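**Student:**
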Amino acid sequence: ETGVTQSPTHLIKTRGQQVTLRCSSQSGHNTVSWYQQALGQGPQFIFQYYREEENGRGNFPPRFSGLQFPNYSSELNVNALELDDSALYLCASQAGRDRVFYGYTFGSGTRLTVV
Amino acid sequence: AQSVTQLDSHVSVSEGTPVLLRCNYSSSYSPSLFWYVQHPNKGLQLLLKYTSAATLVKGINGFEAEFKKSETSFHLTKPSAHMSDAAEYFCVVSDRDTGNQFYFGTGTSLTVIP
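Sequence order for the protein chains is Y and G.
Residues in the first sequence are numbered from 5 upward in steps of one, following my numbering.
Residues in the second sequence are numbered from 9 upward in steps of one, following my numbering.
Now the structure itself:
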């Protein structure tokens, strides 16, 4: 079973609200990435954190922000929610920055619905 | 620019018959390629990865894929489908130009008929 835990599993928010999604990685995984998976689509890269600093960002607006903590947990924050933010949000972690050799471990995701 | 095209959005096979899920990629440099599987209400699980070693890559659960540079393809195969293989499959490309991100295809939904 995956060593990455995400909470909550499901969430319903109203347009304009703010939301915080949480991810707990396994010990030693100092790199965490967040992906957005819209219905029927492949996941899209939001950003990555390495040792608590942002280490790459995809094509998402600044209202998507993140934090990574020393205890291998992390957060994805989304402000001013829009209907199009409805999606499955996936957290992925790895040991080290080199995705080529280590690969990612994905969590089961948080299903966010914006109404 | 990097991109991944999964040629079939849906594939249906009978149990015990071969599986072929097709993937073509576009990459400016030597790519790393991955196949992930996603079962309903589950996270993404790594099936196999190609990282410039052997072109024929063996993964978990009997899956394998062959990297063909001349065809820019990385098709996923399995000799005999099992009911538990029914899931969504994603082909992923990454290279030094993409920084730290993966580029996912749109996915192929595999149905296994008993």
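Yeah, the Cβ is synthetic: ideal placement off N, Cα and C, and Gly gets one too.
Quantities reported herein were computed from a predicted structural model and do not represent experimental measurements.
Is there a Cβ from chain G that is less than 9 Å from the Cβ of A99 (chain Y)?
**Tutor:** Not one chain G Cβ lies under 9 Å of A99 (chain Y).
**Student:** In this structure, does DSSP put G70 (chain G) in helix, strand or coil?
**Tutor:** DSSP places G70 (chain G) in helix when its eight states are reduced to three.
**Student:** Residues of chain G with a CB under 8 Å from the CB of P47 (chain Y): which are they?
**Tutor:** Within chain G, the residues near P47 (chain Y) are L52, F98, F110, F112.
**Student:** For chain G, check one thing: does any of its Cβ atoms lie closer than 9 Å to the Cβ of Q52 (chain Y)?
**Tutor:** With 9 Å as the cut-off, Q52 (chain Y) counts as an interface residue toward chain G.
**Student:** Does V12 (chain G) get closer than 9 Å to chain Y when you measure Cβ to Cβ?
**Tutor:** Yes, V12 (chain G) counts as interfacial toward chain Y.
**Student:** Output needed for F82 (chain G): all residues of its chain with C-beta closer than 7 Å, excluding positions within five of it in sequence on either side, in chain order.
**Tutor:** Only C31, Y33, L41, Y58, A73, F75, C99 meet the Cβ criterion.
**Student:** Start and end of the beta strand (DSSP E) containing E207 (chain Y)?
**Tutor:** Nothing in the structure corresponds to residue 207 (chain Y), since chain Y is present only between 5 and 119.
**Student:** Using beta carbons (cut-off 9 Å, strictly below), is Y44 (chain G) in contact with chain Y?
**Tutor:** Chain Y contact via Cβ: present.
**Student:** Kindly list the residues whose CB is nearer than 8 Å to the CB of V19 (chain G), restricted to its own chain and excluding five residues on each side of it in sequence; keep chain order.
**Tutor:** Closer than 8 Å at the Cβ level, and outside the excluded window around V19 (chain G), lie V27, L28, L29, T116, S117, L118, T119.
**Student:** Out of curiosity, what's the CA-to-CA distance linking I121 (chain G) and Q30 (chain Y)?
**Tutor:** For I121 (chain G) and Q30 (chain Y), the distance between alpha carbons rounds to 37 Å.
**Student:** Grab the span of the beta strand (DSSP E) containing S81 (chain G) for me, first residue to last.
**Tutor:** Counting along the chain, the beta strand (DSSP E) containing S81 (chain G) begins and ends at 81-86.
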